[in-house]
Amino acid sequence: MNDMRRLPMAAIPSLALEGVGFTHRGQTLLHPLDLRLAGCQRTLVMGPNGAGKSLLMRLAHGLLAPSSGRVSWEGRPPRQAMVFQRPVLLKRSALANLTYVLAINGTPYRRRKPLAREALERFGLATLEKRPARVLSGGEQQRLALARAWLVDPEVLFLDEPTAALDPAAIQAVESAVGDFHRRGTRILMTTHDLQQARRLADDIVLLFGGRLVEHSPAERFFSDPQTPEARAFIRGELVW
Ligand SMILES: Nc1ncnc2c1ncn2[C@@H]1O[C@H](COP(=O)(O)OP(=O)(O)OP(=O)(O)O)[C@@H](O)[C@H]1O
Numbered sequence: 004m005n006d007m008r009r010l011p012m013a014a015i016p017s018l019a020l021e022g023v024g025f026t027h028r029g030q031t032l033l034h035p036l037d038l039r040l041a042g043c044q045r046t047l048v049m050g051p052n053g054a055g056k057s058l059l060m061r062l063a064h065g066l067l068a069p070s071s072g073r074v075s076w077e078g079r080p081p082r083q084a085m086v087f088q089r090p091v092l093l094k095r096s097a098l099a100n101l102t103y104v105l106a107i108n109g110t111p112y113r114r115r116k117p118l119a120r121e122a123l124e125r126f127g128l129a130t131l132e133k134r135p136a137r138v139l140s141g142g143e144q145q146r147l148a149l150a151r152a153w154l155v156d157p158e159v160l161f162l163d164e165p166t167a168a169l170d171p172a173a174i175q176a177v178e179s180a181v182g183d184f185h186r187r188g189t190r191i192l193m194t195t196h197d198l199q200q201a202r203r204l205a206d207d208i209v210l211l212f213g214g215r216l217v218e219h220s221p222a223e224r225f226f227s228d229p230q231t232p233e234a235r236a237f238i239r240g241e242l243v244w
């Protein structure tokens, strides 16, 4: 584990999106929406291709500035990490990708390799530490991205379709890692197309359609008693862009 100390779960700042919209060259890609996320929930963002899921993630994480509205954290911005569908890894070994993130987080030199090796072990990559990260398989790269996020000890973890290109075993490894983060007290915000995955992982569901937030409800209610025609159609597999 990292040297950083985890705060009590209740202390993770709430995330508030107020009237947040995104426009590009006169085209509204995300209509102004309100969303508040608090506590240590696993929020799954769903919707058909082009619905605006990735945009929402990037706006919430601060990678994009909204065209309207405000993204704010209650009190202070939390420690955050983001895992993408195609991991962005440095052109160095698996181990060096991890020691690098520890270095920029200020971990003392002598602690970096042991912590990085512990994370490689946890994510089933111990035998691959010397391998260049960019030649790892898709599933291995995703586990390395998760190991890197683990070392950041994020209070909030954003995952943008982290399993879209993976086989069933690799999907299971990612889902199990998401469970580990959650148990450690990390709030999860994740996009997926996979309804079964959302049933397995979600505490609450955000449904986007055509750049609009159409429903945000607890997962149990979303699946058993969807409130909107779009959610009903999406669950039946009928909602396409
Ligand atoms: N930075 C950007 N500038 C301009 N257009 C963008 C930008 N990011 C996304 N878009 C457009 O906004 C729309 C929504 O994109 P987004 O990637 O959020 O969809 P998505 O719901 O994640 O879809 P998918 O399931 O296919 O990944 C798309 O039409 C996309 O081309």
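Per our numbering, the sequence shown starts with residue 4, numbered consecutively.
The C-beta atom is built at its ideal place from N, Cα and C for all residues, glycine as well.
query = Thinking C-alpha only, which one of Leu-169, Pro-35, Thr-130, His-27 is nearest Pro-90?
reply = Here residue 90 refers to the residue found at position 87 when the sequence shown is read from its first residue. Closest option to Pro-90, Cα to Cα, is Leu-169.
task = Consider the C-beta atom of Asn-52 and the heavy atoms of ligand 1; say whether any pair is separated by less than 7 angstroms.
result = Along the sequence shown, read from residue 1 onward, the residue named residue 52 stands at position 49. It does: the Cβ of Asn-52 is within 7 angstroms (strictly closer) of some heavy atom of ligand 1.
query = Which one of Gly-213, Ile-15, Arg-202, Leu-93 has the shortest CA to CA distance from Ile-238?
reply = By one-based count along the sequence shown, residue 238 stands at place 235. The residue with the shortest Cα to Cα distance from Ile-238 is Arg-202.
message = Can you tell me where the alpha helix (DSSP H) holding Ile-191 begins and where it ends?
response = Counting from 1 along the sequence shown, the entry for residue 191 is found at position 188. First-last for Ile-191: 190–194, but that is the beta strand (DSSP E), not the alpha helix (DSSP H).
ask   = For Arg-45, which three-state DSSP category applies?
value = As a working mapping, residue 45 is identified with position 42 in the sequence shown. In the structure shown, Arg-45 sits in a strand (DSSP, three-state: E or B).
N-terminal and C-terminal residue of the alpha helix (DSSP H) that Phe-226 is part of = Counting from 1 along the sequence shown, the entry for residue 226 is found at position 223. Unbroken alpha helix (DSSP H) run through Phe-226: 222–227.
message = Could you check whether the Cβ of Gly-55 sits closer than 7 angstroms to any heavy atom belonging to ligand 1?
response = Counting from 1 along the sequence shown, the entry for residue 55 is found at position 52. Yes, the Cβ of Gly-55 comes within 7 angstroms of a heavy atom of ligand 1.
query = With burial defined as no fewer than 16 other Cβ atoms inside 10 Å of the residue's Cβ, what is the status of Leu-66: buried or exposed?
reply = As a position in the sequence shown, residue 66 is number 63, starting the count at 1. Label assigned to Leu-66: exposed.
query = Should the region 36–47 be regarded as contacting the region 187–204, the criterion being three or more beta carbon pairs within less than 8 angstroms?
reply = yes
inquiry  = If you reduce the DSSP assignment to three classes, tell me which class Leu-62 lands in.
reply    = Start at 1 with the first residue of the sequence shown, and residue 62 comes out as number 59. Helix, per DSSP.
task = Alpha carbon to alpha carbon, how far is Trp-153 from Leu-118? Give it in angstroms, no decimals.
result = Against the sequence shown, residue 118 aligns to sequence position 115. Against the sequence shown, residue 153 aligns to sequence position 150. Roughly 10 angstroms separates the two Cα atoms.
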